[in-house]
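Following: one structure in structure tokens, then a few remarks.
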Amino acid sequence: MGRCNSVCLSFFMIIITIFAPFQINAGDEHMKQMMTSFSPFPTSLETLQKQINYTFHRISLLRRAMTHASFSEENNRALSILGTSIIETSISLRYLRNDIDISSKSLNNKIAEISNVESSCAVDGMRLGLHKIIRVSHKTNSTTPAILCGAFRSIFGAIALDNAESNDAETVFWYVHSGTGRASADL
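Heads up, the sequence shown is in this note's numbering, so the first residue is 2 and it goes up one at a time.
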């Protein structure tokens with residue numbers, strides 16, 4: 002009996018030695034999935050979509066809009082340029098619809114006022130709580146007006162790409178800029 006126990010124990014030890022790394026790796030993969038599903042970033046993106054009253058068909062666009070160049074090469078720079086154009090066009094359309102005779106100087110002043118980085122754009126971004134959502138490097142301050150404004154503008158570029166047109170982006174811009182879209186307490 003003693004010999005059988007010794008052989009069985011040896012066999013069992015060999016099996017454990019061979020298969021133990023596979024169990025650990027499987028556990029690591031499961032742990033990664035659990036960590037990803039409980040990450041605050043996806044939750045923040047869901048909350049942001051509720052705040053702006055728009056649900057993305059391609060959440061990857063919103064993820065990119067909330068990623069600064071200091072964090073990744075896949076970032077919001079191009080979306081910010083598109084978003085700037087959408088904001089300026091939205092402002093122009095609104096003021097020209099209200100007064101077709103508005104002077105170019107007055108219209109340019111309105112565009113500058115509403116799209117100003119420090120007095121408007123960053124304020125809207127802060128009100129949405131973007132400083133708590135945007136991914137930046139550890140050396141970058143997410144409350145800097147230029148970073149907040151870039152993230153804010155990127156949202157509208159992302160919406161336009163999500164729909165392949167800018168009407169929804171314009172609607173969301175006015176919804177947010179009017180103060181209707183606000184940061185929730187849990188951000």
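We put the CB at the ideal spot given by N, CA and C, even for glycine.
Residue i - DSSP class collapsed to helix/strand/coil
i          : result
residue 95 : helix
residue 45 : helix
residue 22 : Below a pLDDT of 50, predicted positions are generally treated as unreliable, and residue 22, at 46, falls in that range; no measurement from the model is reported.
residue 36 : Confidence at residue 36 is low in this model, with a pLDDT of 43, below 50, so its placement is unreliable and the value that follows should be read with caution. Residue state, collapsed to three classes: helix.
Contact under 8 Å by Cβ, residue i with residue j
i           : j           : result
residue 163 : residue 64  : no
residue 147 : residue 118 : yes
residue 115 : residue 67  : no
residue 1   : residue 83  : Nothing can be reported for residue 1: it is not among the residues displayed for the chain, which extend from 2 to 188.
residue 108 : residue 91  : no
residue 49  : residue 129 : yes
Member of the options whose CA lies at the smallest distance from the CA of residue i
i           : options               : result
residue 46  : 150, 145, 159 and 106 : 159
residue 121 : 136, 85 and 107       : 85
residue 137 : 50, 75 and 49         : 75
residue 112 : 88, 73, 144 and 71    : 88
residue 153 : 140, 139, 171 and 165 : 171
residue 71  : 141, 90, 130 and 92   : 141
residue 69  : 139, 167, 169 and 168 : 139
| Is it a yes or a no for the segment 169-182 touching the segment 44-58, going by three-plus beta-carbon pairs under 8 Å? | With the cut-off at 8 Å, the segment 169-182 and the segment 44-58 touch.
| query | Where in the segment 49-123 do unbroken runs of the alpha helix (DSSP H), each at least 4 residues long, occur, reported from the N-terminal end onward? | reply | Given a length threshold of 4 residues, each whole run of the alpha helix (DSSP H) inside the segment 49-123 is given here in chain order: 60-66, 78-99 and 105-116.
| query | Is the segment 73-84 touching the segment 98-111 in the sense that three or more CB pairs, one from each, lie closer than 8 Å? | reply | Contact between the segment 98-111 and the segment 73-84 is absent, with fewer than three C-beta pairs closer than 8 Å.
| task | Return the chain-ordered ranges of every alpha helix (DSSP H) run that is complete within the segment 127-180 and spans a minimum of 4 residues. | result | Runs of the alpha helix (DSSP H) inside the segment 127-180: 146-164 and 168-178.
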